[in-house]
Amino acid sequence: MPKSMNEIFDYLNSLFPEAALQFDEAVPCVIVPAALIKEVALQARDDQELLFDTLMCLSGVDNADETLGAVYHLDSMTHRHKLTLKVIVPATAPHIPSVDRVWRIAEWHEREAFDLIGVIFDGNSDLRRILLPEDWEGHPLRKDYEVPEFYNGMKVPY
Amino acid sequence: MTESMEVLKAGIASGRLKTDELVLNMGPQHPSTHGVLRLELVLDGEIVVKVIPQMGYLHRCFEKHAENMTYPQVVPYTDRMDYLAGMNNNHGYVLAVERLMGIELPERVEYIRIIMAELQRIASHLVAIGTFGMDIGAFTPFLYCFRDREYILDIFERTCGARLLYNYMWVGGLSHDIYDGFLRDVADFIKKFRPTVVEVNNLLNYNKIFIERTANVGVLPADVAVSYGCSGPMLRGSGVDWDLRRDDPYSIYDRFDWKVITGDGSAGTLGDCWDRHMVRVWEMEESCKIIEQALESFPAEGDIASAIPKRIRPAKGEIYTRVENPRGELGYYLIADGSANPFRLKVRGPSFVNLSVIDEISRGHLIADLVAILGSIDIVLGEVDR
Numbered sequence: 001m002p003k004s005m006n007e008i009f010d011y012l013n014s015l016f017p018e019a020a021l022q023f024d025e026a027v028p029c030v031i032v033p034a035a036l037i038k039e040v041a042l043q044a045r046d047d048q049e050l051l052f053d054t055l056m057c058l059s060g061v062d063n064a065d066e067t068l069g070a071v072y073h074l075d076s077m078t079h080r081h082k083l084t085l086k087v088i089v090p091a092t093a094p095h096i097p098s099v100d101r102v103w104r105i106a107e108w109h110e111r112e113a114f115d116l117i118g119v120i121f122d123g124n125s126d127l128r129r130i131l132l133p134e135d136w137e138g139h140p141l142r143k144d145y146e147v148p149e150f151y152n153g154m155k156v157p158y
Numbered sequence: 001m002t003e004s005m006e007v008l009k010a011g012i013a014s015g016r017l018k019t020d021e022l023v024l025n026m027g028p029q030h031p032s033t034h035g036v037l038r039l040e041l042v043l044d045g046e047i048v049v050k051v052i053p054q055m056g057y058l059h060r061c062f063e064k065h066a067e068n069m070t071y072p073q074v075v076p077y078t079d080r081m082d083y084l085a086g087m088n089n090n091h092g093y094v095l096a097v098e099r100l101m102g103i104e105l106p107e108r109v110e111y112i113r114i115i116m117a118e119l120q121r122i123a124s125h126l127v128a129i130g131t132f133g134m135d136i137g138a139f140t141p142f143l144y145c146f147r148d149r150e151y152i153l154d155i156f157e158r159t160c161g162a163r164l165l166y167n168y169m170w171v172g173g174l175s176h177d178i179y180d181g182f183l184r185d186v187a188d189f190i191k192k193f194r195p196t197v198v199e200v201n202n203l204l205n206y207n208k209i210f211i212e213r214t215a216n217v218g219v220l221p222a223d224v225a226v227s228y229g230c231s232g233p234m235l236r237g238s239g240v241d242w243d244l245r246r247d248d249p250y251s252i253y254d255r256f257d258w259k260v261i262t263g264d265g266s267a268g269t270l271g272d273c274w275d276r277h278m279v280r281v282w283e284m285e286e287s288c289k290i291i292e293q294a295l296e297s298f299p300a301e302g303d304i305a306s307a308i309p310k311r312i313r314p315a316k317g318e319i320y321t322r323v324e325n326p327r328g329e330l331g332y333y334l335i336a337d338g339s340a341n342p343f344r345l346k347v348r349g350p351s352f353v354n355l356s357v358i359d360e361i362s363r364g365h366l367i368a369d370l371v372a373i374l375g376s377i378d379i380v381l382g383e384v385d386r
């Protein structure tokens with residue numbers, strides 16, 4: 001049976017009473033503490049009531065208030081319902097446990113978020129830059145990023 | 001000869017001679033990589049042990065561009081991601097902004113968008129089918145496919161002036177109304193196009209050599225496909241009955257009668273390269289059906305610019321919108337902060353996601369099969385690298 005995001009939140013909350021999950025009405029999304037994201041993800045995938053078999057998208061976000069975040073858009077092909085999970089971490093120590101063993105595609109999405117935003121996914125089996133060159137400095141999608149004037153001695157146009 | 005082989009084998013067995021895996025670069029200029037993709041292959045003789053894709057040669061950080069543009073200015077950039085399916089890319093992006101702003105569209109705009117999107121799907125599949133044949137070594141079907149794609153591009157050109165990068169769908173409307181005779185041209189095209197599918201079937205798809213090269217190669221089981229987030233013909237080729245046009249309807253797709261094509265493994269194993277290829281072939285016919293129905297009920301009156309807002313400034317909020325691109329699920333995660341520029345725009349490209357499975361399905365195959373597998377995934381590097 002498809003559930004609304006509200007019902008899913010109540011259900012998750014009953015499974016993780018100590019997790020202090022929060023529901024953001026405006027988006028809507030469920031805010032999960034970083035330390036618990038892997039457990040919540042596993043539960044969301046395997047619980048018969050939820051069965052979120054697809055990770056549609058995993059995005060890194062710079063919230064422009066000294067915090068970074070990861071947003072997980074989940075979809076269940078069986079139950080036809082959706083869920084958005086959010087993890088928010090301080091920009092000074094942006095560590096989030098990896099979910100690449102829960103959904104295999106997470107490995108590449110996490111690499112992309114690491115590359116462009118600089119979120120560090122602990123436990124990702126291959127956390128390297130994916131789109132930028134290996135020796136690139138900085139993470140371009142950070143709000144405080146400054147475009148370098150030179151790259152390996154070459155002038156960067158624009 | 002046999003004697004020296006015996007000597008070698010004895011040497012290996014006793015440990016005097018060492019064998020090692022070979023690392024070989026395929027690309028970034030290899031023709032079968034369809035652009036600038038480098039595959040780092042770990043080989044045991046001619047057998048693939050591991051594939052490590054190295055992307056980023058076309059990276060221009062579209063998402064950074066988007067943050068420095070106003071909402072309408074982003075549209076032309078979306079064309080340049082999956083440059084074989086510009087219309088579909090436009091559609092996904094404008095849909096995200098429209099949903100965020102709560103814009104209701106005139107019927108006529110919806111119909112034109114659907115016709116354009118489905119024509120684009122046919123054009124894109126024609127390229128995929130033609131180039132896949134060419135990867136395997138069949139050159140002629142490629143010419144047939146490109147001949148028919150040309151008709152579609154001509155229709156696009158007469159409508160909006162561009163053949164590849166259209167900037168056609170705008171937030172709330174379209175850049176140009178259709179020209180006189182558009183509906184007749186589209187109907188004519190479908191009449192001309194249907195025999196091509198039969199031709200290509202005879203020439204390529206049911207050709208013994210082609211089947212030998214593609215059946216039982218690169219088998220992708222359904223559960224692996226779902227875990228890797230594969231979508232579009234990749235997913236349906238594995239027998240999963242899932243199409244966003246039906247299962248997460250957007251625009252006016254729910255009004256038309258058509259069916260979702262899935263692979264059946266009739267030439268080999270379910271989920272092999274041939275299945276993925278045939279899903280594309282039969283999907284073109286379904287697109288024709290949608291276009292025909294849209295032509296029948298096409299609204300004669302309507303203003304395509306009436307819903308275009310004077311000022312595009314969505315209120316604070318965020319949305320994830322997905323549409324069915326020719327290659328699969330194209331998602332836009334858009335965060336608005338109330339200003340004229342997007343705060344964050346993340347693109348979930350189907351090519352990027354589909355490519356991630358290549359290591360899983362290529363292991364144990366020969367290098368020549370890897371060419372077939374890569375062709376059947378049908379990637380567009382402009383979107384992988386963004």
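Chains H and F, in that order, give the protein sequences.
According to my numbering, the first sequence is numbered sequentially starting from 1.
According to my numbering, the second sequence is numbered sequentially starting from 1.
Idealized CB from N, CA, C, for every residue including glycine.
Quick caveat, the model's predicted, so the values are computed rather than measured.
Item                                                                                                                                                                                          : Value
For the ligand COA, I want to know if Pro33 (chain H) counts as a neighbour, meaning its beta carbon is within less than 7 Å of at least one of the ligand's heavy atoms.                     : Absence of the ligand COA from the depicted structure is noted, as is the absence of any ligand whatsoever, leaving it without description.
Give a yes or no on whether the C-beta atoms belonging to Leu84 (chain F) and Ser32 (chain F) are separated by under 8 Å.                                                                     : no
Can a CB atom of chain F be found closer than 8 Å to the CB of Leu141 (chain H)?                                                                                                              : yes
Kindly indicate if chain H contains any beta-carbon less than 8 Å away from that of His176 (chain F).                                                                                         : no
So what does Gly218 (chain F) bridge to, in DSSP terms?                                                                                                                                       : Looking at the DSSP assignment, Gly218 (chain F) forms no beta bridge with any residue, so it has no partner.
Could you name the residues of the same chain whose beta carbon sits closer than 6 Å to that of His95 (chain H), not counting the 5 residues immediately before and after it, in chain order? : Ile120, Asp122
Report the rounded CA-to-CA distance for Asp154 (chain F) versus Met87 (chain F), giving the unit in angstroms.                                                                               : 14 Å
Between F:Val347, F:Asp385, F:His176, which has its C-alpha nearest Gly302 (chain F)'s C-alpha?                                                                                               : F:His176
In its own chain, which residues sit with a C-beta less than 8 Å from the C-beta of Lys310 (chain F), not counting the 5 before and 5 after it?                                               : none
Figure out for me which residue from F:Leu126, F:Asp243, F:Arg184 has the closest Cα to the Cα of Arg149 (chain F).                                                                           : F:Leu126
If Met116 (chain F) and Tyr151 (chain F) are in contact, beta carbons under 8 Å, what's the gap, nearest whole angstrom?                                                                      : In fact, because the Cβ distance is near 14 Å, the residues do not count as touching under 8 Å.
Would you report the Cα separation of Ala222 (chain F) and Tyr179 (chain F), rounded to the nearest angstrom?                                                                                 : 44 Å
So that I know if they touch, is there some Cβ in chain H lying closer than 8 Å to that of Val74 (chain F)?                                                                                   : no
Answer yes or no: does any C-beta atom of chain H fall closer than 8 Å to that of Asp185 (chain F)?                                                                                           : no
Assuming Glu112 (chain H) and Ile88 (chain H) form a contact by the criterion Cβ under 8 Å, report the distance between their Cβ atoms to the nearest whole angstrom.                         : No, Glu112 (chain H) and Ile88 (chain H) are not in contact; Cβ-Cβ is about 19 Å, not under 8 Å.
Taking its Cβ as the centre, do 16 or more other Cβ atoms sit within 10 Å of Pro17 (chain H), making it buried, or is it exposed?                                                             : exposed
Verify the CB distance criterion: does Ala70 (chain H) have a CB-CB separation below 8 Å to chain F?                                                                                          : no
Alpha helix (DSSP H) containing Pro76 (chain F): first to last residue?                                                                                                                       : 71–79
Out of F:Asn325, F:Tyr144, F:His30, F:Met278, which one is the CA nearest neighbour of Ser266 (chain F)?                                                                                      : F:Met278
Taking C-beta pairs closer than 7 Å, name the residues in chain H that Asp44 (chain F) reaches, listed in chain order.                                                                        : By Cβ distance, chain H contributes nothing, its closest Cβ being about 21 Å from Asp44 (chain F), past 7 Å.
Please name the residue in F:Leu165, F:Val171, F:Arg213, F:Leu345 whose C-alpha comes closest to that of Ala368 (chain F).                                                                    : F:Arg213
Along the beta strand (DSSP E) that carries Glu318 (chain F), what are the first and last residues, could you check?                                                                          : 317–325
So which residues on chain H does Met55 (chain F) lean against when the C-beta distance must stay under 8 Å?                                                                                  : Ile130, Leu131
Using only the alpha-carbon positions, how far apart do Glu46 (chain F) and Met55 (chain F) sit?                                                                                              : 23 Å
Closest to Glu286 (chain F) by CA distance: which of F:Asn90, F:Phe193, F:Gly331, F:Ala215 is it?                                                                                             : F:Phe193
Quick one, which residues of the segment 199–226 of chain F are near chain H if we go by CB-CB under 7 Å, in chain order?                                                                     : Val226
What is the DSSP secondary structure of Trp170 (chain F), reduced to helix, strand or coil?                                                                                                   : strand
Do you know how far the Cα of Gly173 (chain F) is from the Cα of Leu127 (chain H)?                                                                                                            : 42 Å
Take Arg80 (chain H) and list the residues in its own chain whose beta-carbon comes closer than 7 Å to its own, dropping the five residues that flank it on each side.                        : Pro2
On the three-state DSSP scale, how would you describe Pro31 (chain F)?                                                                                                                        : helix
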